[in-house]
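Undergrad:
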Amino acid sequence: MRKSGNSRTATKTRPAPGRSGSSAGRIHPVVIYPIRPARDYADLQALYQLVRYLDADKRRYARPLTVLDRKTHYALRGDKEYLDFRRLVVSRSSEVLDVWAVDTCQMWYAGLGAAFERGAEHDVYWLIPGDFNYGTKMGHQVLGRLHDLPEIVRELNQDLCIGEITADYTNSKQLIDTYGTFALLYNWFPDEAREIRQYTERPRSEFFAVRHDFLGKALCQRWYPYEQTMVMLLQAVRGHRGISRFSVGNISDLPEGKESLAAAMQQVERTERVLKSVWREYHQGDPDWIERYRQLVGTSTQVRYTAISILRNLLEE
Amino acid sequence: MRAFAYQKPLRAVNFICHAPEARAVSLVGDFNGWDPAALPMKQMPDRSWLLTVELKHGHHRYAFLVDGVLTLDPHAQGITRNEKGERVCLIPVS
Chain R
140 MRKSGNSRTA TKTRPAPGRS GSSAGRIHPV VIYPIRPARD YADLQALYQL VRYLDADKRR
200 YARPLTVLDR KTHYALRGDK EYLDFRRLVV SRSSEVLDVW AVDTCQMWYA GLGAAFERGA
260 EHDVYWLIPG DFNYGTKMGH QVLGRLHDLP EIVRELNQDL CIGEITADYT NSKQLIDTYG
320 TFALLYNWFP DEAREIRQYT ERPRSEFFAV RHDFLGKALC QRWYPYEQTM VMLLQAVRGH
380 RGISRFSVGN ISDLPEGKES LAAAMQQVER TERVLKSVWR EYHQGDPDWI ERYRQLVGTS
440 TQVRYTAISI LRNLLEE
Chain Z
6 MRAFAYQKPL RAVNFICHAP EARAVSLVGD FNGWDPAALP MKQMPDRSWL LTVELKHGHH
66 RYAFLVDGVL TLDPHAQGIT RNEKGERVCL IPVS
């Protein structure tokens, strides 16, 4: 079953003008500047072309926010190309939020939190990771689709819209999510895992848009430094929130399209740590929670070992 | 071609459902109030079902009703739920 033909959905390269007015709430773009930007600025140039356009549409968009890690800044402070790009491109089209962050998740938290404090009831917050290959032909197409995420939240009255990257089953992130993330999610939160999988195969996606009141709750409940999207999906499912998933296209943030085994192990291990913490928070008031927790830790350890063994075979081949 | 949203701009969108053994297929969505009778699809020589509708700019929820059963479009660009809590598809129109 498919939609097809010349008249099928036109891919927008820019948000169409004049749709929803400011009465529907504004959209707050939050760009996460790459911690380790590439030497070539083609991808960032393409991204900031979109940001410039968003900044110009003041009726629909709040001033875009760029979150920049101070470590990145200090590492590049003698780099004229970086300084010029920051001054002439980034600062002109967005407000730069300089933060000390241990990782991109903390940058998300800082950026979304800052945007939230400027927002209002009907507003929507749109996270845009900066470290993808937007300069490619496919990257341009993806940039043309990203604005659908906040628009879906606003038009269809959703709480969370996850942008899903199109990837085949051999993609590293897909493998990690299949054998690591979902395997662990099913161990700790089987009902929620089934529900999440009805929407997306990529519960750790870095592309999403979120409604004001849900973001407020997520920010205040979020004590976990990792896997922000997965935690928000858990919160959304448990709170019976409106969730959507939208495919944004085929794009990558991996230099050679492949994750190292060490990076994969780290991702699986931190997913497990987060799920343990979330489970304890939800269940620590139950009378038998310690016994149940111990059992789940036992099976979780087996799941993690198995996931890492599988990923070792698949990623090192 | 049926126009289901009377605000401009409208864009013609082809919906194709591959259900060769089905006796009746219709298109349901926000744009026709999820009315099973409003948008019957027509079976083509290759036995797939086709319907062209004009939709207004924006994001629409839809699904196919294949012999009365709500069926997702495997090629849909997005997934969400309708007001009844049923899983349905998303289509952007611009």
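Just so you know, the sequences run in chain order R and Z. Residue numbering for the first sequence follows the numbering used here, beginning at 140 and increasing consecutively. Residue numbering for the second sequence follows the numbering used here, beginning at 6 and increasing consecutively. We put the beta carbon where it would ideally sit given N, CA and C, even for glycine. Note that the structure is predicted; figures quoted are calculated from it, not measured.
#1: Give a yes or no on whether 8 Å exceeds the smallest Cβ distance from S383 of chain R to chain Z.
#2: Alpha carbons only, please: which of R:G278, R:V170 and R:T211 is nearest the one belonging to R191 of chain R?
#3: Take every Cβ of the segment 286 to 299 of chain R, pair it with every Cβ of the segment 406 to 423 of chain R, and state whether three or more of those distances are shorter than 8 Å.
#4: So, using beta-carbon positions, are G63 of chain Z and V98 of chain Z closer together than 8 Å?
#5: Distance, Cα to Cα, P268 of chain R vs H167 of chain R?
#6: My output table needs one value for E366 of chain R: the three-state DSSP class, helix, strand or coil.
#7: How big is the Cα-Cα spacing for S351 of chain R and P41 of chain Z?
#8: For a quick check, are the C-beta atoms of V206 of chain R and A249 of chain R less than 8 Å apart?
#9: Along chain Z, which residues have their Cβ under 7 Å away from the Cβ of Y338 of chain R?
#10: Would you mind stating whether K61 of chain Z and L15 of chain Z have Cβ atoms separated by less than 8 Å?
#11: Within 10 angstroms of the Cβ of T309 of chain R, are there 16 or more other Cβ atoms? Answer buried if so, exposed if not.
#12: Does chain R have any CB closer than 8 Å to the CB of P97 of chain Z?
#13: Apart from the five residues on each side of it in sequence, which residues of its chain come closer than 6 Å, Cβ to Cβ, to Y432 of chain R?
#14: Any chance the segment 370 to 387 of chain R sits against the segment 296 to 305 of chain R, with 3 or more Cβ pairs inside 8 Å?
#15: Is it right to say G302 of chain R is buried, meaning 16 or more other beta carbons lie within 10 angstroms of its own, or is it exposed?
#16: Using a Cβ cut-off of 7 Å, pull out every chain R residue sitting near R92 of chain Z, in sequence order please.
#17: When you compare only the Cα positions, how much space is there between T211 of chain R and V235 of chain R?
#18: When DSSP labels each residue in this structure, what does S311 of chain R get in the three-state scheme?
#19: Looking at I447 of chain R: is its Cβ nearer than 8 Å to the Cβ of M404 of chain R?
TA: For this structure:
#1: Chain Z contact via Cβ: present.
#2: Of all alpha-carbon atoms in R:G278, R:V170 and R:T211, the one lying nearest the alpha-carbon of R191 of chain R is that of R:V170.
#3: Contact fails: fewer than three Cβ-Cβ distances are below 8 Å.
#4: Yes, the pair counts as a contact, with Cβ atoms nearer than the cut-off.
#5: If you draw a straight line from the Cα of P268 of chain R to the Cα of H167 of chain R, it is about 14 Å long.
#6: If DSSP states are grouped into helix, strand and coil, E366 of chain R belongs with coil.
#7: The residue you asked about is not Ser; residue 351 of chain R is His in the sequence shown. Straight-line Cα distance between these residues: approximately 35 Å.
#8: A distance below 8 Å separates the beta carbons of V206 of chain R and A249 of chain R.
#9: Those are I84, listed as they occur along chain Z.
#10: Yes; because the gap between Cβ atoms is below 8 Å, this pair is in contact.
#11: Answer is exposed; the Cβ neighbour count stays below 16.
#12: Taking Cβ atoms only, chain R reaches closer than 8 Å to P97 of chain Z, which makes this a yes.
#13: So no residue of the chain qualifies.
#14: With a cut-off of 8 Å, the segment 296 to 305 of chain R and the segment 370 to 387 of chain R count as touching, because enough Cβ pairs lie within range.
#15: Residue environment analysis places G302 of chain R among the buried positions, since at least 16 neighbouring C-beta atoms fall within 10 angstroms of its C-beta.
#16: Think of a sphere of 7 Å around the beta carbon of R92 of chain Z: the chain R residues whose beta carbon falls inside it are Q337, in chain order.
#17: T211 of chain R and V235 of chain R: Cα-Cα distance of roughly 13 Å.
#18: Of the three classes helix, strand and coil, the one that applies to S311 of chain R here is helix, per DSSP.
#19: The Cβ-Cβ distance between I447 of chain R and M404 of chain R falls below 8 Å.
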